[in-house]
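Q:
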Amino acid sequence: MRIFLFFLICNSGILFAQNEIKLLDHMINTISQVSSLEYELHSKELIDDKLIYSISKVKLRKSPYSIYCYMLHPRKGIEILLNGKHNDALVKPNSFPYFNLKLSPYGKLMRNKQHHTIIDSGFDNIKNILLSAIDSIKLNPKSYISNLGIKQKNNIYFNVLKIINPNFKYYKYVVKDNETIDDIAKRNHLCVYLINQKNKISFFDKINNGDIIYLPSSYAESFEIWIDLDTNLPLIQKVFINDNLFEYYEFKNIIVNKIFDENEFLESNKFYGF
């Protein structure tokens, strides 16, 4: 009887963990089926030891890639329109110099006081981060993933998963020829801002072949992923470093797979201010 109880207790933990992995797999598959989004994004990002809060309205189409963003806070009225991931964005600053600008999504102005580029909008970023870690999670689920239960916010019910990297650390990396921090971060599914912060460099400092930098062993130390029970999408994402909030993203008023009008991503759209 004792042996049976011991077996039952041990395997119940495995079964619960397997259920959480199924939830994660289902969420990832749902994200893969998203072709377009419209939402209001509330974000907090740790910049220079302060959480910077912003709100923006976003329209996103994956193919052909197009995105329109209207800033509500902190600088209301800024508009951004981007067609194609490798093109410059059209930006209405709504302040000096009071005329439209063509700016690179990777340039200084568009990355100022932000963790990500506009191209990281939507759910693909969190999906790719999780896919990079899913094999490790499945090998030892009890160490990596736990279920925090059902929680409610703004009349929406969420299943909340917590994912941790128990072996989170920084390690030395030798820069290869013609590599940039963006290249390294993208290949390893890491946060560019965190790499820069650890190495006391900026987005635009040049690194050279043979330089030694420190990389985190994963995107973050831990995540809270709030999965909406209706859409099965991670509408709230909390990212922690050293048990402190590093990133917070909340998607509100979301419309999934909306069919946009033909002029939705055109400068001439009468509802835009370009």
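At the far end of the sequence shown sits residue 1311, using the numbering used here, and the numbering has no gaps. Beta carbons: idealized from backbone N, C-alpha and C, even for Gly.
From Val1095 to Asn1120, what does the alpha carbon distance come to, in whole angstroms?
A: Distance between the alpha carbons of Val1095 and Asn1120 is about 14 angstroms.
Q: Please name the residue, chosen from Phe1297, Asn1149, Lys1188, Ile1201, that lies closest to Phe1260 on a Cα-to-Cα basis.
A: When only C-alpha atoms are compared, the closest one is Ile1201.
Q: Taking all protein chains shown into account, decide if Pro1134 is buried (16 or more other Cβ within 10 angstroms of its Cβ) or exposed.
A: Burial call: exposed.
Q: Which value, in whole angstroms, describes the spacing of the CA atoms of Leu1146 and Glu1116?
A: Taking the straight line from one Cα to the other gives about 14 angstroms.
Q: Taking its Cβ as the centre, do 16 or more other Cβ atoms sit within 10 Å of Leu1045, making it buried, or is it exposed?
A: With a pLDDT of 38 at Leu1045, under the threshold of 50, the modelled position of this residue cannot be trusted; read the value that follows with caution. Label assigned to Leu1045: exposed.
Q: Buried or exposed: where does Ile1304 fall if 16 or more other Cβ atoms within 10 Å of its Cβ makes it buried?
A: The sequence given here places Glu at residue 1304; Ile does not occur at that position. By the 10 Å Cβ count, Glu1304 comes out exposed.
Q: Could you tell me which of Ser1158, Lys1209, Gly1310 sits nearest to Glu1077, measuring between CA atoms?
A: It is Ser1158 whose Cα lies nearest to the Cα of Glu1077.
Q: Tell me whether Val1229 is buried or exposed, calling it buried when 16 or more other Cβ atoms sit within 10 Å of its Cβ.
A: With 16 or more other Cβ atoms within 10 Å, it is buried.
Q: Can you find at least 3 beta carbon pairs, one from the stretch 1175–1191 and one from the stretch 1063–1079, that sit closer than 8 angstroms?
A: The stretch 1175–1191 vs the stretch 1063–1079: no contact.
Q: Mark Ser1255 as exposed unless 16 or more other C-beta atoms lie within 10 angstroms of its C-beta, in which case mark it buried.
A: Buried is the call here.
Q: Thinking just about the alpha-carbon of each residue, which of Arg1224, Leu1185, Ala1170 is nearest to the one in Phe1205?
A: Among Arg1224, Leu1185, Ala1170, the Cα nearest to that of Phe1205 is on Ala1170.
Q: State the CB to CB distance for the pair Pro1271 and Ile1262, rounded to an integer number of angstroms; the pair is presumed to be in contact (CB under 8 angstroms).
A: Rounded, the Cβ-Cβ distance is 5 angstroms, consistent with contact.
Q: With respect to the alpha helix (DSSP H) encompassing Tyr1230, which residues constitute its N-terminal and C-terminal limits?
A: Unbroken alpha helix (DSSP H) run through Tyr1230: 1229–1236.
Q: For Ser1069, which of helix, strand or coil comes out of DSSP?
A: Helix.
Q: Is the CB-CB distance between Tyr1210 and His1079 below 9 angstroms?
A: Cβ distance not < 9 angstroms, so Tyr1210 and His1079 don't count as in contact.
Q: Please state the DSSP three-state secondary structure of Ala1257.
A: Coil.
Q: Can you tell me whether Leu1198 is buried or exposed? The criterion is at least 16 other CB atoms within 10 Å of its CB, across all chains shown.
A: Flag for Leu1198 reads buried.
Q: To the nearest angstrom, how far is the alpha carbon of Phe1043 from that of Gln1055?
A: Residue confidence is low: Phe1043 scores 39 on pLDDT, short of 50, so the model does not pin down where it sits. Its coordinate-derived value is still stated next. Distance between the alpha carbons of Phe1043 and Gln1055 is about 19 angstroms.
Q: Pull up the distance between the alpha-carbon of Asn1066 and that of Ile1187, whole angstroms please.
A: Rounded to whole angstroms, Asn1066 to Ile1187 spans 21 angstroms at the Cα level.
Q: Could you pull the start and end residues of the alpha helix (DSSP H) that Lys1206 belongs to?
A: Looking at the DSSP string, Lys1206 is not in any alpha helix (DSSP H), and its letter there is neither H nor E.
Q: Given Lys1099, which residues of its chain have a CB within under 6 angstroms of its CB, disregarding the five upstream and five downstream residues?
A: Ser1072, listed in sequence order.
Q: Ordered along the chain, which non-local residues of its own chain (more than five positions away) have a Cβ less than 7 angstroms from that of Asn1294?
A: Val1071, Ser1072, Ser1073.
Q: Leaving aside the five residues before and after Phe1283 along the sequence, list all residues of the same chain whose C-beta is less than 7 angstroms from its C-beta, in chain order.
A: Contacts found: Leu1083, Ala1257, Val1276, Phe1277.
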